[in-house]
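Right, one structure below, let's go through it.
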Amino acid sequence: MILQANQDPLGKCPICGKEVIEGNKGYGCSGYKEGCKFVIWKEIAEKKITPAQAKVLLAKGKTGIIKGFKSKKGNKFDAVLQLKDGKVEFWFDNDNTKQAIGKCPLCGKDITESAKGYGCIGYKEGCKFVIWKEIAG
52 MILQANQDPL GKCPICGKEV IEGNKGYGCS GYKEGCKFVI WKEIAEKKIT PAQAKVLLAK
112 GKTGIIKGFK SKKGNKFDAV LQLKDGKVEF WFDNDNTKQA IGKCPLCGKD ITESAKGYGC
172 IGYKEGCKFV IWKEIAG
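Going letter by letter, the sequence shown gives residues 52 to 188 in the numbering used here.
Encoded structure:
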């Protein structure tokens, strides 16, 4: 990766601790000459990753939900990017460890927020309660 000179650092490399700076195709570790291979590509799954998103990823270990990724089959999806073992990966907000924001009016279980809406954690047992974030959009 070719790194641009005189760049403001975006954050610290999660592998070696050196500064991460913007290059032509990605945001890479300034320690690349010493062998560090850390990089956040500027385009992931056909979605441009901004310097601001890269800064958040480096500072917090994950981004907020980023909309508009595209799968290899051409399907659009939304996801969080997270750092795990020095690599960037997708994290889908679909686990049951999220904080409850209320109780389901149908079955009484917790309601949690996901990328696309607010739903009951009892969906695996058949509860159909959901409020979508985007309707007819």
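Heads up, the beta-carbon is just placed ideally off N, CA and C, and yes, glycines get one too.
Selection from the options that minimises the alpha carbon distance to residue i
{"i": "A151", "options": "W142, I172 and L132", "result": "I172"}
{"i": "P156", "options": "K179, I91, E85 and G115", "result": "K179"}
{"i": "G112", "options": "G82, I91 and I186", "result": "I91"}
{"i": "W142", "options": "I116, G62, K98 and K123", "result": "I116"}
{"i": "K123", "options": "Y83, E97, F89 and L61", "result": "E97"}
{"i": "F89", "options": "G137, F128 and D129", "result": "G137"}
Assigned secondary structure, residue i (DSSP; H/G/I helix, E/B strand, else coil)
{"i": "Q150", "result": "coil"}
{"i": "Q133", "result": "strand"}
{"i": "K99", "result": "strand"}
{"i": "F180", "result": "coil"}
{"i": "G173", "result": "helix"}
{"i": "Q58", "result": "coil"}
{"i": "A187", "result": "coil"}
{"i": "G125", "result": "coil"}
Same chain only: Cβ atoms within 6 Å of residue i, ignoring 5 sequence neighbours per side
{"i": "G153", "result": "I162"}
{"i": "G170", "result": "V181"}
{"i": "Q58", "result": "I72 and E73"}
Nonlocal neighbours in the same chain, by C-beta distance under 8 Å from residue i, ignoring five residues either side
{"i": "I95", "result": "F120, L132 and V139"}
{"i": "C87", "result": "C64, I66, C67, K69 and C80"}
{"i": "T114", "result": "Q104, V107, L108, V131, L132 and Q133"}
{"i": "P102", "result": "L61, E73 and Y78"}
Alpha helix (DSSP H) segment containing residue i, residue limits
{"i": "K106", "result": "P102 to K111"}
Residue i, enclosing beta strand (DSSP E) - first and last residue
{"i": "E140", "result": "K138 to W142"}
{"i": "T114", "result": "T114 -> no beta strand (DSSP E), and no H or E assigned at all."}
{"i": "E70", "result": "E70 to E73"}
{"i": "Y83", "result": "First-last for Y83: undefined, no H or E at that position."}
{"i": "I66", "result": "Premise fails: I66 is in no beta strand (DSSP E) and is neither H nor E."}
Expected contact under 8 Å - CB spacing of residue i and residue j to nearest Å
{"i": "K76", "j": "K93", "result": "6 Å"}
{"i": "G168", "j": "K184", "result": "5 Å"}
Residues near residue i in its chain [Cβ-Cβ closer than 7 Å; skip 5 each side]
{"i": "G82", "result": "C64, C67 and K69"}
C-beta neighbour in chain B for residue i, strict 7 Å
{"i": "P156", "result": "The chain inventory of the structure shown lacks chain B, comprising one protein chain alone."}
Any non-hydrogen atom of the ligand FMN within 6 Å of residue i CB
{"i": "K76", "result": "By its list of ligands, the structure shown contains no ligand whatsoever, and the ligand FMN lies outside what it can speak to."}
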